[in-house]
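K.L.:
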Ligand code: GDD
């Protein structure tokens, strides 16, 4: 059964708030993590662009507890580009990944959509949303989760699950278990029918019933239980997926394409490479071309913002993203890096496995580099906002907090 041509679909992207994403520091100090650029586009832009392929998409909602003004500019420009309304909805306090959805149920259901996509903002994949929707309609359940196979060693960072190999039903789900369950994990991308709201309401009601004083051995126990889990705080994974597994309501759709989670600056560099590579198929016009005569030499996938100025003798790539108003001087060499707005890179500097923060400068013959282990804390060198690396200084495997000037070389260090 295909989705009826009249049925509307909405998408909701959970963007969190300033108290989440702390592992993304120091880069989240001056930009909300969802707006941090990967392959030259804000992180949240990638799932939003994927929503464009959903048939009958009526509206996209971003739900978070950042200030509205932080998203206002982006939301208005993407609405125009997408030709679909994109709205930012601010929670006064965190309600959890399902509680946030429930809190705005009236707005989300305003146009009576038949299906609701729910996406975590901090995952990187090719978002196979139309295929998920088709599979979900075929399964006939309340929800379908995108799942992926990861290594047994890394699976415990995610929700681990067991699915029926024939029907794809979700049979068992445990969030970040201590004991290994499965290499199949929850990718943080879902499609639901509107019944999801009743399921969330049931959790909340059940919690209210349990939170009646006489059910607890002491007032302290009552206080502890009600304080740790407020009635309107509902987690999609623990409170909905775990209890509903094996009840013929939830199904899975496996992706064998790339999938990563973006919790750290190091992972943002890896995901930038994945999205640049995807541009070859989706937006080749965003990739730089260079021949070393009029333009710089380009190796592999590189994004250069139109306002950036790159000297023709510079060499960039692979996996390089250059943001607005960046200036790159003669003989500079950049490999695997994200260069944020208003940075200046002077003659013959080398930048490799690094993220260079807004308004920073790198002096002549300097090197800013790392060994490129995306999963280790110092595997990618990070310069915070307005860091000045003076001429002939070498910075290796280090994190430099904003507004520092480096006139001596550093290695394996965090400069506060
Ligand atoms: N608006 C809002 N309000 N967003 C929230 C809230 C909230 O109260 N809590 C979390 N989020 C957003 C986060 O910003 C993120 O995009 C998403 O919801 C999930 O965040 P977490 O609840 O912190 O979970 P996680 O990222 O550690 O793990 C989840 O995602 C993994 C896939 O990336 C789980 O669902 C895992 O099972 C899953 O593997």
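Residue numbers (this note's numbering): 34 to 449.
Every residue gets a Cβ at the ideal spot worked out from N, C-alpha and C, and that includes glycine.
If I measure Cβ to Cβ from residue 131 and keep anything under 7 Å in the same chain, skipping five residues before and after, which residues do I get?
P.N.:
Against the chain shown, residue 131 aligns to sequence position 98. Result list for residue 131: 233, 267, 268, 269, 272, 273, in chain order.
K.L.:
Start and end of the alpha helix (DSSP H) containing residue 87?
P.N.:
Taking the chain shown and counting its residues from 1, the one referred to as residue 87 is at position 54. Neither: residue 87 is in no alpha helix (DSSP H) and is coded neither H nor E.
K.L.:
Taking Cβ positions, are residue 66 and residue 97 nearer each other than 8 Å?
P.N.:
On the chain shown, position 33 is the one that residue 66 refers to. On the chain shown, position 64 is the one that residue 97 refers to. No. Outside cutoff.
K.L.:
Hey, quick one: how far does the alpha helix (DSSP H) through residue 181 stretch, first residue to last?
P.N.:
Reading the chain shown from its first residue, position 148 is the one you call residue 181. Residue range 176-182 is occupied by the beta strand (DSSP E) that includes residue 181, with no alpha helix (DSSP H) assigned at that position.
K.L.:
Using only the heavy atoms of the ligand GDD, determine whether one of them is closer than 7 Å to the beta carbon of residue 299.
P.N.:
The count along the chain shown starts at 1 and reaches residue 299 at position 266. Incorrect: residue 299 has no Cβ contact closer than 7 Å to the ligand GDD.
K.L.:
Taking the straight line between their C-alpha atoms, what separation do you get for residue 80 and residue 213?
P.N.:
Here the question's residue 80 lines up with position 47 in the chain shown. Here the question's residue 213 lines up with position 180 in the chain shown. Using only the alpha carbons, I get a separation of about 30 Å.
K.L.:
In whole angstroms, give me the CA-to-CA distance for residue 207 and residue 192.
P.N.:
If you number the chain shown from 1, residue 207 lands on position 174. If you number the chain shown from 1, residue 192 lands on position 159. Approximately 6 Å between the Cα atoms of the pair.
K.L.:
Using a Cβ-Cβ cut-off of 6 Å (strictly less than) and excluding sequence neighbours within five positions of residue 379, which residues of its own chain qualify?
P.N.:
The count along the chain shown starts at 1 and reaches residue 379 at position 346. Excluding sequence neighbours, residue 379 sits near 362, 396, 397.
K.L.:
So residue 439 and residue 419 are in contact, right, with Cβ under 8 Å, and what is the actual spacing, rounded?
P.N.:
Here residue 439 is taken as the residue at index 406 of the chain shown, counted from 1. Here residue 419 is taken as the residue at index 386 of the chain shown, counted from 1. Incorrect: roughly 12 Å between the Cβ atoms, too far for contact.
K.L.:
Alpha carbon to alpha carbon, how far is residue 174 from residue 34? Give it in angstroms, no decimals.
P.N.:
Walking along the chain shown from the start, residue 34 turns up at place 1. Walking along the chain shown from the start, residue 174 turns up at place 141. In this prediction, residue 34 has a pLDDT of 45, which is less than 50 and means its spatial position is unreliable; nothing more can be read from the coordinates.
K.L.:
What residues are listed by DSSP as bridge partners for residue 223?
P.N.:
In the chain shown, residue 223 corresponds to position 190, counting from 1. In DSSP, residue 223 forms a bridge with 151, 178.
K.L.:
Using a threshold of 7 Å, is the CB atom of residue 155 nearer than that to any non-hydrogen atom of the ligand GDD?
P.N.:
Within the chain shown, the letter at position 122 stands for residue 155. Look at residue 155: its beta carbon is less than 7 Å from one of the heavy atoms in the ligand GDD.
K.L.:
How should residue 202 be labelled, buried or exposed, when 16 other C-beta atoms within 10 angstroms of its C-beta is the threshold for buried?
P.N.:
The sequence position of residue 202 within the chain shown is 169, counting from 1. Buried, because 16 or more other Cβ atoms sit within 10 Å of the Cβ of residue 202.
K.L.:
Would you say residue 333 touches the ligand GDD, meaning its beta carbon is less than 7 Å from a heavy atom?
P.N.:
The count along the chain shown starts at 1 and reaches residue 333 at position 300. Checking every heavy atom of the ligand GDD against the Cβ of residue 333, none is found closer than 7 Å.
K.L.:
Here's the rule I'm using: 16 or more other beta-carbon atoms within 10 Å means buried, otherwise exposed. How should residue 209 be labelled?
P.N.:
Numbered from its first residue, the chain shown carries residue 209 at position 176. The residue in question, residue 209, is exposed, as its Cβ has fewer than 16 Cβ neighbours within 10 Å.
K.L.:
Do residue 146 and residue 43 count as a contact pair if the criterion is CB distance below 8 Å?
P.N.:
Numbered from its first residue, the chain shown carries residue 43 at position 10. Numbered from its first residue, the chain shown carries residue 146 at position 113. Yes, they are a contact pair.
K.L.:
Measure from the alpha carbon of residue 290 to the alpha carbon of each residue in 200, 369, 179, then state which is nearest.
P.N.:
Within the chain shown, the letter at position 257 stands for residue 290. With distances taken between Cα atoms, residue 290 lies closest to 179.
K.L.:
If I'm right that residue 388 touches residue 302 with Cβ under 8 Å, what's the distance once you round it to whole angstroms?
P.N.:
If you number the chain shown from 1, residue 388 lands on position 355. If you number the chain shown from 1, residue 302 lands on position 269. Right, the Cβ-Cβ distance comes to about 6 Å (below 8 Å), so this counts as a contact.
K.L.:
Label residue 408 either buried or exposed according to how many other C-beta atoms from any shown protein chain fall within 10 Å of its C-beta, with 16 as the threshold for buried.
P.N.:
Translated into the one-based positions of the chain shown, residue 408 becomes position 375. The residue in question, residue 408, is exposed, as its Cβ has fewer than 16 Cβ neighbours within 10 Å.
K.L.:
Candidates 226, 331, 337, 345: which alpha carbon is nearest residue 372's?
P.N.:
As a working note, residue 372 is residue 339 in the chain shown. The residue with the shortest Cα to Cα distance from residue 372 is 337.
K.L.:
Would a C-beta distance cut-off of 8 Å place residue 382 and residue 357 closer than the cut-off?
P.N.:
The residue you call residue 382 lines up with position 349 of the chain shown. The residue you call residue 357 lines up with position 324 of the chain shown. Against a cut-off of 8 Å, the Cβ pair of residue 357 and residue 382 comes out as no contact.
K.L.:
If residue 235 sits next to residue 128, beta carbons under 8 Å apart, how far is it from one beta carbon to the other, in whole angstroms?
P.N.:
The sequence position of residue 235 within the chain shown is 202, counting from 1. The sequence position of residue 128 within the chain shown is 95, counting from 1. Actually they do not touch by this definition, with Cβ atoms about 16 Å apart.
K.L.:
Out of 426, 424, 414, 436, state which residue places its alpha-carbon closest to the alpha-carbon of residue 445.
P.N.:
On the chain shown, position 412 is the one that residue 445 refers to. That would be 414, whose Cα lies nearest to the Cα of residue 445.
K.L.:
By the 10 Å Cβ neighbour count, where 16 or more other Cβ atoms means buried, how is residue 318 classified, buried or exposed?
P.N.:
Within the chain shown, residue 318 is the residue found at index 285, counting from 1. With fewer than 16 Cβ atoms within 10 Å of its Cβ, residue 318 is classed as exposed.
K.L.:
Going by DSSP, name the residue or residues bridged to residue 123.
P.N.:
Translated into positions along the chain shown, residue 123 becomes position 90. In the DSSP output, where bridge partners are listed per residue, residue 123 has 97.
K.L.:
Let me check one thing: in DSSP terms, what residues is residue 205 bridge-paired to?
P.N.:
Here residue 205 refers to the residue found at position 172 of the chain shown. According to DSSP, which records beta bridges pairwise, residue 205 is partnered with 195.
K.L.:
From what residue to what residue does the beta strand (DSSP E) around residue 369 run?
P.N.:
Locating residue 369 in the chain shown gives position 336, where the first residue counts as 1. Where residue 369 is concerned, the enclosing beta strand (DSSP E) stretches over 366-372.
K.L.:
Helix, strand or coil, according to DSSP, for residue 414 in the structure here?
P.N.:
Indexing the chain shown from 1 puts residue 414 at position 381. Three-state result, residue 414: strand.
K.L.:
Just reading off the beta strand (DSSP E) that residue 285 is part of, what are its end residues?
P.N.:
Taking the chain shown and counting its residues from 1, the one referred to as residue 285 is at position 252. Following the DSSP letters along the chain, one finds residue 285 inside the beta strand (DSSP E) bounded by residues 283-287.
K.L.:
Could you tell me whether any non-hydrogen atom of the ligand GDD is closer than 7 Å to the CB of residue 80?
P.N.:
In the chain shown, counting from the first residue as 1, residue 80 sits at position 47. Not under cutoff, so the answer is no.
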